[in-house]
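> The opening position of the sequence shown corresponds to residue 1025 in the numbering used here, with each subsequent residue numbered one higher.
Each residue gets a CB set at the ideal place from its N, CA and C atoms; glycine is no exception.
A quick note: this is a predicted structure, and the numbers were derived from the prediction, not measured.
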Amino acid sequence: MNTHSTILFVLCLVQYCAYAADSVKVYHSKPVQVNGTADNAKGITIEHTEHSTSVVTVSRSSPIISSAFQTSDAITYMPGVFVRNYGGLGGLKTVSVFGITPQQTVIKLDGVSLNNTQNGFFDISLLPSGMIENMKLQSGGLSSVSGSGAVGGVLDISTHTLYADTAQYHVSGTIGSFAETNVHTGVTLPCSSLALRADAQYQHTNGNYPFVFNQFGQNVELTRTNADFTSYSGWVGVNYTGLQHTTTANVLYRNAERGAPGAVLQGDIENAVARLSERDVLAIISTKVDVNSTLQLKSQGSFKYNKQHYRDSLLVFRGPNGADDTYNAQDAMVNCAVEQRFDEVCTNTQVVLAGTANITQSQLEGNLLTSNAGTMVKRNVYALGLVSTLRTLLNTTSFLSVSTGARQEWYSDVPNAVSPFVALLYGVTRNLSIDALYSYNYRAPSFNELYYQNYGTFNLKPERSSSYTLGSHFSVVNDSSDTFLNTISIKPQLFFINTTNQIISVPKTAVAWSAQNAAQVNSRGVSLFVIGNLLNNHLSCVTSYTYQIVTDVDPTSLHYQKEMIYTPNHLASVFLTGTVGAVQVGGGIAISGSRYTQPDNAIESQLDFNAPVSMFVTYTAQLYNAVCKFRVECNNMFNQQYEVIRNFPMPGRILRVTSDVTL
């Protein structure tokens, strides 16, 4: 029996045992919410999880998501987030939180990590924006809950809810500059205790946008070529709700073809004709059973498949036909959890114990692995975790919640790890809370870092990181209809993250690099997130600011006390939405400060700050039983010429028109 069949058998066995359990009362574990945070800015909340940690939630009812052409457009407005954008609709887009690398930020979909075992990160451009219901950002490391890579934060994305009283149908279409096209359709069909949701999305652009480049001392206008992108996505979800249990199954399929042009150089464009084909499948099945009013069982299984085919006919040193590389990656996971709640262990005090067991099996097959690895590499991971939470009501307006836990992981190819954490949440009043988190986190080297030809180092040590955060949350709710300020929530947060054995690329010859444990890195700073409604809830505002310093603090390093590349000191964003009757007007600005592109911090390697501005106008009308929306938007409306990554130019002004119908 192969490993994936074994995992499927275990998952079925766990679910059979869960269904067999008796139940007398449904119990749902909910996050502890500070009063007055719900929908402070039309679909944006600040709340605390069952682990006493802090999260920012953005839902589809917020224009930040509903007006986003790509998922990366919405993430930009979350606190402490920097999207490393390689340009255009089809360019690579990775997520960094608090200056930490994309490999040290976990991206989840419905609770399943999307981080690729091959390279350690996830390209957020691969996730269809039309299928997102909400996004939760937990800032600060938490490997004890989310596993390897949860060093800087965790972004948990949820697909559309399957609960609906009546059938719902939705279709939308967008056309824009550079032949941009986006078509999305979805349907939800409820049937007694069963609900079905299906979505499909098509995206395309020719990617031939103009940009200004300094060519041999003169600014000239060039056109980005071979930057086209075409993607087909489909998602099907089924939910069954019984008296004591709930089962959900989701399948996501995506097929994409894109140009993969490299950096724009003096008189040349790297990989000018390179192409990349991708195919992804993600299947998730989850079950939750309420055994009684205080005991809950959960199980989840997932299977990920990713195929990449890279071609570049100009790389003739690879052979007469150039480069022709194929990679097949597979990941299978089973997770089982049990949660026991003890009410009134003493006066106004509750204790919750949660235990988890996890098995993950990964493999990568490709033609550019090191000779000692052959054509296939595998990894097995076994994990056990335990979290305990004590919640006590101090008086009618204040409470205290303390969580502590640890996760033990056993790896088949790298050293094992233990990741503990301690979190504290103190509700001072109904409107003020203070939270603190310490965690010791872990990141296992990716397959590329271990086994990629002429780059990988098979004896790499895992990265270890100590993360400290201290924050507060203050909210005010004014129910008066004639007030200027209706609601406001303010969330400041201090952070300090110390990472040892950080894996970086080190030159070994004039043209070759290798992965090495060669850095100790500190990331420290402060973030501020403010959301609110004004003018009798006609105007909403979302504002974030982060000041961060990320430096190499290894005294033996050639770059001691130098800032890490692509870590801007300043990140800021503002998103405003005004609604009057059927018309909604909104827009945002996302500012990324200057940053270095070389580890020696040479002044000529510094990229200037960028601040693209976007605006939109939406008109909503009711036509019989249909809700119709018409939106006009302009991204980068002042046509700023800029690069997020050196020599990867971003598009200028983009105009889009969208029509949307929901029945």
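Quick one: Cα of Val1376 to Cα of Glu1368, how far?
Taking the straight line joining both Cα atoms gives about 11 angstroms.
> Within the 7 angstroms Cβ cut-off, does Thr1413 reach chain C?
In the structure shown, chain C cannot be found, because there is only a single protein chain.
> Give the secondary structure of Gln1128 by DSSP, where H, G and I count as helix, E and B as strand, and everything else as coil.
If DSSP states are grouped into helix, strand and coil, Gln1128 belongs with the helices.
> With DSSP as the reference, identify every bridge partner of Gly1177, one or two as the case may be.
In DSSP, Gly1177 forms a bridge with Thr1129, Ser1163.
> Any idea what DSSP makes of Asn1671, helix, strand or coil?
Correct three-state label for Asn1671: coil.
> Can you say whether Ala1219 is buried or exposed, counting buried as having 16 or more other CB atoms within 10 angstroms of its CB?
Under this definition Ala1219 is a buried residue.
> Tell me whether Phe1711 sits in a helix, a strand or coil according to DSSP, three-state version.
Residue 1711 lies beyond the stretch modelled for the chain, which goes from 1025 to 1687, so this question has no answer here.
> Can you tell me whether DSSP reads Ser1317 as helix, strand or coil?
Residue state, collapsed to three classes: coil.
> Within 10 angstroms of its Cβ, does Gly1325 collect 16 or more other Cβ (buried), or is it exposed?
So Gly1325 counts as buried.
> At what residues does the beta strand (DSSP E) containing Ala1280 begin and finish?
That run of the beta strand (DSSP E) goes 1269-1283.
> Give the secondary structure of Phe1341 by DSSP, where H, G and I count as helix, E and B as strand, and everything else as coil.
Reduced to three states, the DSSP call for Phe1341 is helix.
> For the segment 1473-1480 and the segment 1445-1455, state whether three or more C-beta atom pairs, one from each stretch, are separated by less than 8 angstroms.
Segments in contact, no.
> Give a yes or no on whether the C-beta atoms belonging to Phe1106 and Leu1631 are separated by under 7 angstroms.
The answer is no: Cβ separation not under 7 angstroms.
> Quick check: the Cα distance between Lys1132 and Gln1242, rounded to an integer number of angstroms?
Cα-Cα distance, rounded: 44 angstroms.
> Between which residues of its own chain and Asp1684 is the CB-CB distance below 6 angstroms, once the five residues before and five after are set aside?
Closer than 6 angstroms at the Cβ level, and outside the excluded window around Asp1684, lie Ser1196, Lys1653.
> Compute the beta-carbon to beta-carbon distance between Thr1081 and Glu1071, rounded to the nearest angstrom, for a pair I have assumed lies under 8 angstroms.
Contact holds; Cβ gap of about 6 angstroms.
> Does the pairing of the segment 1169-1180 with the segment 1121-1140 give three or more beta-carbon distances under 8 angstroms?
The segment 1169-1180, when compared against the segment 1121-1140, does touch it at the 8 angstroms Cβ threshold.
> Mind reading off the beta-carbon distance from Pro1486 to Pro1439? Whole number of angstroms is fine, and I expect it under 8 angstroms.
The pair is a contact, with the Cβ atoms about 6 angstroms apart (cut-off 8 angstroms).
> Starting from Thr1682, follow the alpha helix (DSSP H) in both directions and report where the run begins and ends.
No alpha helix (DSSP H) holds Thr1682; the beta strand (DSSP E) holding it covers 1678-1686.
> Taking only the alpha-carbon atoms, compute the straight-line gap between Tyr1666 and Met1674 and give it to the nearest angstrom.
In a straight line, the C-alpha of Tyr1666 is about 6 angstroms away from that of Met1674.
> Please tell me whether Ala1273 and Ile1309 are closer than 7 angstroms, where the distance is taken between their beta carbons.
Yes, they are a contact pair.
> Quick check: the Cα distance between Asn1143 and Gln1332, rounded to an integer number of angstroms?
Answer to the nearest angstrom: the Cα atoms are 13 angstroms apart.
> So the candidates are Ile1068, Gly1171, Leu1151, Val1411; which of them puts its Cα closest to the Cα of Ala1468?
Here the closest residue by C-alpha is Gly1171.
> Using DSSP bridges, identify the partner residues of Phe1106.
BP columns for Phe1106 point to Ser1120.
> Closest to Asn1206 by C-alpha separation, out of Val1566, Gln1225, Phe1599, Pro1623, would be which residue?
Comparing Cα positions, the closest option is Gln1225.
> Since Asp1189 is in the alpha helix (DSSP H), which residue starts that stretch and which ends it?
Note, Asp1189: premise wrong, no alpha helix (DSSP H); not H, not E.
> Looking at Gly1602 and Ser1638, is the spacing between their C-beta atoms short of 7 angstroms?
Cβ distance not < 7 angstroms, so Ser1638 and Gly1602 don't count as in contact.
> Please go through the same chain and pick out, in chain order, the residues whose beta-carbon is closer than 8 angstroms to the beta-carbon of Ser1412, but skip the five residues on each side of it.
For Ser1412, where only same-chain residues beyond five positions count, the Cβ hits under 8 angstroms are Val1375, Val1376, Leu1377, Ala1378, Ser1427, Thr1428, Gly1429.
> From Asn1316 to Val1119, what does the alpha carbon distance come to, in whole angstroms?
Approximately 40 angstroms between the Cα atoms of the pair.
> Taking a contact to mean a Cβ-Cβ separation below 7 angstroms, would you say Leu1246 touches Phe1237 in this structure?
Against a cut-off of 7 angstroms, the Cβ pair of Phe1237 and Leu1246 comes out as a contact.
> Any idea if Thr1069 is buried or exposed, counting beta-carbon neighbours within 10 angstroms, 16 or more meaning buried?
Answer is buried; the Cβ neighbour count reaches 16.
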